[in-house]
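As structure tokens, the structure follows; a few thoughts come after it.
2 protein chains.
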Amino acid sequence: MFKILRVNMSDQTARFEDIPSDYEGLGGRGLTSAIVAQEVDPTCNPVGPLNKIVFAPGLLGGTNCANSGRISVGGKSPLTGGIKESNSGGQAGQYLAKLGVQAIVVEGDPPAGKLFRLVVGKDKAELQAADDLKGLGNYDTIAKLVQVHGDKMGYVSIGQAGEWLLPSASVAFTDRELRPTRHAGRGGLGAVMGSKGLKAIVIDPEGGQLAPLADREAFKEASKRFAKALGEHPVTSEGLANYGTDVLINILNEAGGLPTRNFSSGRFEGAEKVSGETLNEITVKRKGNPTHGCMSGCVIRCSGIYVDPAGKYVSKWPEYETVWAWGPNCGVDDLDAIARLDRMCDDFGLDTIETGCAMAVAMEAGLKKFGDAAGAEELLAEVGQGSALGRVLGSGTEITGRVFGVKRIPVVKSQSLPAYDPRVVKGIGVTYATTPMGADHTAGYAVATNVLNVGGSVDPHQVEGQVELSRAFQVATAVIDTAGLCLFVAFATLDIPDANQAVTDMVNAKYGWSLGADDVAALGQKVLGIERDFNVRAGFNAADDRLPDFFRREKLPPHDLVFDVPDADLDRTLKF
Amino acid sequence: MFKILRVNMSDQTARFEDIPSDYEGLGGRGLTSAIVAQEVDPTCNPVGPLNKIVFAPGLLGGTNCANSGRISVGGKSPLTGGIKESNSGGQAGQYLAKLGVQAIVVEGDPPAGKLFRLVVGKDKAELQAADDLKGLGNYDTIAKLVQVHGDKMGYVSIGQAGEWLLPSASVAFTDRELRPTRHAGRGGLGAVMGSKGLKAIVIDPEGGQLAPLADREAFKEASKRFAKALGEHPVTSEGLANYGTDVLINILNEAGGLPTRNFSSGRFEGAEKVSGETLNEITVKRKGNPTHGCMSGCVIRCSGIYVDPAGKYVSKWPEYETVWAWGPNCGVDDLDAIARLDRMCDDFGLDTIETGCAMAVAMEAGLKKFGDAAGAEELLAEVGQGSALGRVLGSGTEITGRVFGVKRIPVVKSQSLPAYDPRVVKGIGVTYATTPMGADHTAGYAVATNVLNVGGSVDPHQVEGQVELSRAFQVATAVIDTAGLCLFVAFATLDIPDANQAVTDMVNAKYGWSLGADDVAALGQKVLGIERDFNVRAGFNAADDRLPDFFRREKLPPHDLVFDVPDADLDRTLKF
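Protein chains in written order, with the numbering used here: chain A, 83 to 658; chain B, 83 to 658.
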């Protein structure tokens, strides 16, 4: 049933292919990474003709399994120069899976200056001109597309940042209310989409159906156990639903690991004002919606709706990392401003983490003062205007830092560090340094065990145990991303052994496989191995698996710690 | 007699040290690279506290050997992220050598916002405040310094680009007429100097003396043979003196290897108008000076003086690579405009190659049209103004290309390719790909043999022989740069065996050594090995030794060739 849809922008053709045997048994991140590793020249210009962009729902896509509708996007990253997988919620993953499209591979070189949209439906796919969408943000793009294609579709799009090939450009996915608020944010894959002249993908779910199951009863039984676990764990049942991911602000601030003013302090005096608790309170007071699922089949519902004092929609609830990037990291304590900045990022099609970090670096360079929310809005608006400064900010933290002569640039493999200071939460520091993705909390969320005591506990201040912790998380995450599950299910699978088993049971029941725990671990290791091998061929070596020198030299208040995990430990993290 | 001067910007101290035994037997590039490799953390931020900038005259510095006054500048490159040596003419090399200063090592972290000048004299060195020079270009900087220190000094300085830590910033050296026209241009070492808060170095030659010679008679005899050879070879005796390095415009255009409009053609219709012959003719007509030595002891005298129609000084004669970068590569055929652009680069303290290539990439992005000389001047002026666009251009070709979404970015290791298209002159393509310096013609000038038939001849269109050619040139160049000789002496040493022997004889006579030909080759290999090892520790591997993909895909008219030297050949080039 499952096919790859191969789209060639050079001649504007789209055809379905059987999945080559090399790619069998893979989905989501495993599949995007395998295709990129096999088909893309690792030394190519990421926005040139030799790169490809790949979209893939996960192994559990197209089923009734809770939270299984994530979609992976892969390619050579315009930001890092290495392999990239970034995944997103929204409707596209489930729709594609139900249409039997296991992957869309977009390749070739479009005619200069032309824009296209790809319309995918049951057993059909076609490129159509989209020059009328040129220069539009994601919100206007979707509004125009809905006029033509209606409100039953799933939409994938890029904003101005993607069209202009900016290295921080994201790929946007519509949620159930057709808002382009779910993003494959990290690593600039929106620029790869832009380089293909592909402004949007329209997915018509009509005629789609649930994926066939090798053992329907076994699947049903396992999926019930899985949903039960998600409903029982306090994080997946209540914490995220009430406070969103922003629940972490107070927790990280208390831990002294909330990076403040470009990673110069671990505590922010205005933390409470931008916390999840405040976010909930404001939202309830203004009659917004604090509990919202970003995709069909979600039972966690961490994604609220942010409204202004008049009750008017501003944006989806900004994620913790977004609130952090534009809030504490820029010295800003104004949630309304942060929500507007989130909206602008979604509209231009920019990674909120990368762009917020770039802004903090610009503030360190003196372009605006830390804490100047209006100044941040003013500068971010320049991205949408396409000014030189806007393009610099849209090129990410490292380029912004280099252009403005900043000595403290918080990046690994040219990708900005997210919202957990690695000097205080050392397990996540190991992940930042060693994941093939560039600094990325979602690649191996050691924070769970370091700070939240989920899946056990490992003292976040000590070196001991961090490598093993990060490794275990990175392997497990590669599996979760390959399955197409929302990463947040891991809170339950880490603490409830049967939830973990249920995931394996569902995969086995769907495909008629008989994977054991070792096979699952081997799958995760295989995906990481594919990615690391690509990066070696792209020019990376062990020296790229390092945090910037200032994390090794500057003590972070209040705990006055440095990142001191030895290089040799980093180097053994992903050697299996 | 010889010492290292170690300058610590953290506490503003300067002290003389004996040369550690690790560094013995090295000078110039060999010495700067050895110090950087041993003392600088390869993973550090190049403009942060852990980098160092090193200045070193060569092994033959401080002698009467012709053309032996070059000075090497080394550090971790803000442009490439790898090791960098860039050398220059001017007076500083000879002055330092005669003062017995074999190297200046500048390290540490200056107080924020402060600028200093280092005043070096016979057995003395001192840091003095230089806040009055803040924001000045090199011409104004030198004018102010001359008011204080007089016209007997050698000056080293940075312009605005260095102060602002821009990755293309150069280090300027004054010539005999106190003009800051000689530059260690490539790789952004001016930004390292800026990061140390060091605006200038003032070198007082008073009390300096010729270096001691182990065998005075043998040295004298060998230096005569060497000077005789330089006087006999047609390139070093006449070609360069009459037409400057710009003599190459017509030659490369004829060869079809003159990169035009961002490497999209190998011939430029306006070549004649910017050729060395025209440069000579204009200069003679306007009563400028077509024959000028950039440093004492130069017998080649390739550096003329460019004057405007009224006979007023504009700049030194722009080098071939400068004329090319701002001329054919930008589609510009106006020598007056090119001379003004050269002057601006010298004044702001920018590498002319990197910045001209960045401009061509900006033209490809549509910021100005190819051929718009006034537009180029207008954009370059923005660097001196410090606008966002100016800072982007001053950050080099790759960052300019990425910020403006250009698919064809001609760089290796993030450094722009110079003035010889590697598809047509394949030997230089091997050098671009494999030198530890990033794309650099001076690292192994295979053009000599490929195009000029100096040192034999190797068909530039064929793959065969290019690896061996580039290797031989890279090894020999490492020796020449370590000796402190002007690279142009190689035209004579390649064709006149006794000239080559004379160089070895002079080194032996100066130091009382007995190096044979094998030892000399081993010295060159040792220097390259030190540099390559640093780069591995900085995160480079074989995949970084590649030309951008478009050189492998796009045929260059008129010969319609691609760069097709196999990767495996590149990988064996510097394996000894």
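Yeah, the Cβ is synthetic: ideal placement off N, Cα and C, and Gly gets one too.
Remember, predicted model here, so these are calculated numbers, not experimental data.
- Among the residues facing chain B, Asn220(A) is not included, as its CB has no counterpart in that chain under 8 angstroms away.
- For Thr125(A), the chain B residues whose Cβ falls inside 7 angstroms of its Cβ are Ala625, Arg628 and Asp631, in order along the chain.
- The beta carbons of Ala225(A) and Gly244(A) sit about 17 angstroms from each other, so the pair does not count as a contact at 8 angstroms.
- A straight-line Cα-Cα distance of about 19 angstroms links Gly232(B) and Asp205(B).
- Separation of Gly547(B) and Pro500(B) (C-alpha to C-alpha, rounded to the nearest whole angstrom) is 21 angstroms.
- From the listed residues Gly182(B), Ala251(B) and Val183(B), the smallest Cα separation to Val465(B) is found for Ala251(B).
- Around Gly457(B), the same chain offers Lys450 as residues with beta carbons nearer than 6 angstroms, after the five sequence neighbours per side are excluded.
- Note on Pro192(A): 16 or more other CB atoms within 10 angstroms of its CB, so buried under the neighbour-count rule.
- Ser168(B) sits close to Gly267(B), with the two beta carbons spaced by under 8 angstroms.
- Taking Val474(A) as the centre and dropping the five residues before and after it, the same chain places the C-beta of Thr482 and Val485 closer than 6 angstroms to its C-beta, in chain order.
- Between Val118(B) and Ile186(B), the gap from beta carbon to beta carbon reaches 8 angstroms or more.
- When secondary structure is reduced to three states using DSSP, Arg422(A) falls in the helix class.
- Under the 8 angstroms criterion on CB atoms, Val474(B) is classed as interfacial with respect to chain A.
- Around the beta carbon of Gln184(A), a 10 Å sphere encloses 16 or more other beta carbons of the protein chains shown; the residue is thus reported as buried.
- Residue-level contact check: Ile491(A) touches chain B, since one or more beta carbons of chain B fall below 8 angstroms from its beta carbon.
- Following the DSSP letters along the chain, one finds Asp587(A) inside the alpha helix (DSSP H) bounded by residues Pro579 to Tyr593.
- The continuous beta strand (DSSP E) containing Glu167(B) extends over residues Ile165 to Ser170.
- For Thr95(B), the enclosing beta strand (DSSP E) starts and ends at Thr95 to Asp100.
- Per DSSP, the continuous alpha helix (DSSP H) segment holding Ala560(B) begins and ends at Gln548 to Ala565.
- Annotation for Arg199(B): the continuous beta strand (DSSP E) segment containing it runs Phe198 to Gly203.
- Taking the Cα positions, His543(A) is about 40 angstroms away from Gln176(A).
- The beta-carbon of Val485(A) is placed less than 8 angstroms from the nearest beta-carbon of chain B.
- Residue contact with chain B for Leu132(A): present (Cβ-Cβ distance below 8 angstroms to some residue of chain B).
- Scanning its chain for C-beta atoms nearer than 8 angstroms, with the 5 sequence neighbours on each side dropped, one finds around Glu121(A) the residues Lys134, Val187 and Glu189, in chain order.
- Listed along chain A are Arg484, Phe486, Gly487, Val488 and Lys489, each with a C-beta nearer than 9 angstroms to that of Leu247(B).
- Residue range Lys85 to Asn90 is occupied by the beta strand (DSSP E) that includes Lys85(A).
- Around Ala625(A), the same chain offers no residue with a beta carbon nearer than 8 angstroms, after the five sequence neighbours per side are excluded.
- CA-to-CA, the gap between Arg298(B) and Lys85(B) works out to about 22 angstroms.
- In this structure, Gly326(A) lies away from Ala148(A), with their beta-carbon atoms at least 8 angstroms apart.
- Gly611(B) is outside the set of residues whose beta carbon lies under 8 angstroms from a beta carbon in chain A.
- A Cβ-Cβ distance of about 5 angstroms is found for the pair Gly110(A) and Gly566(A), placing them in contact under the 8 angstroms criterion.
- Contact with chain B is absent for Arg614(A), since none of that chain's Cβ atoms lies less than 8 angstroms from the residue's Cβ.
- Where His231(B) is concerned, the enclosing alpha helix (DSSP H) starts and stops at Asn220 to His231.
- In the DSSP annotation of this structure, the continuous segment of the alpha helix (DSSP H) that includes Leu334(A) starts and ends at Leu330 to Ala337.
- Counting the other CB atoms within 10 Å of its CB gives Asp418(B) a total below 16, which places it among the exposed residues.
- Bounds of the alpha helix (DSSP H) holding Gln607(B) are Ala599 to Ala620.
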